[in-house]
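Residue numbers are given in our numbering: position 65 of the sequence shown equals residue 64, and the series is strictly consecutive. Glycine included, each C-beta is placed from N, C-alpha and C at the ideal position.
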Amino acid sequence: MLRVPVMKAKLSGLRKLSSRKIMENALVTLKGRSRVSRAMWNRRAQEYEAKINSGDPVSIAEVVRDLHRNAGQPDQSYSERQIYEAALDRLARELAAVERIDKDLATQKLNSVLQKVA
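Written out as structure tokens, the structure reads:
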């Protein structure tokens with residue numbers, strides 16, 4: 000059992016679970032074209048981390064979309080892969096909770112959306 004003092008819930012980063020509408024918007028975002036800025040990698044990495052830590056599924060979906068690589072595309076660097084996996088994991092957990100499915104099934108659903116974009 001997890002106990003969090005109600006007065007400190009917001010300060011600790013707890014938020015309500017996303018709605019189905021927000022998750023639908025995140026899936027639509029995944030289907031969009033990636034928008035990789037021309038900034039240096041360390042600056043982009045900071046921006047991606049901020050989006051992941053925001054907890055906003057649409058922002059997290061932007062990170063997943065922008066860092067996703069299909070077969071035949073250049074490999075990712077280690078740090079790109081780490082950020083991509085963190086974003087994918089966070090988005091899959093949120094999707095799993097909203098749709099009441101397990102995380103692996105949510106990850107498969109996200110991957111299938113990403114494959115259709117290719």
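Taking C-alpha atoms, which residue in the options lies nearest to residue i?
i     : options                    : result
Asn41 : Ser78, Tyr83, Ala85, Lys7  : Ser78
Gln72 : Gln114, Lys7, Leu16, Lys15 : Gln114
Gly54 : Ser33, Glu23, Arg92, Ala44 : Arg92
Gln45 : Arg32, Val62, Gly31        : Val62
Leu13 : Leu109, Ser58, Pro4        : Pro4
Would residue i and residue j qualify as a contact pair, given that the criterion is a beta-carbon distance under 8 Å?
i      : j     : result
Ala25  : Pro56 : yes
Ile82  : Leu66 : yes
Arg64  : Thr28 : yes
Leu90  : Ala60 : yes
Val97  : Lys30 : no
Leu104 : Met22 : no
Arg43  : Ser36 : yes
Take residue i and list the residues in its own chain whose beta-carbon comes closer than 6 Å to its own, dropping the five residues that flank it on each side.
i     : result
Met39 : none
Counting only the same chain and skipping the five closest in sequence on each side, list residues whose C-beta sits under 8 Å from that of residue i.
i     : result
Leu16 : Glu93, Ala96, Val97
| Which runs of the alpha helix (DSSP H), 4 residues or longer, sit entirely within the region 76-100? | Counting only unbroken stretches of 4 or more residues, the alpha helix (DSSP H) elements lying wholly within the region 76-100 are 77-98, in sequence order.
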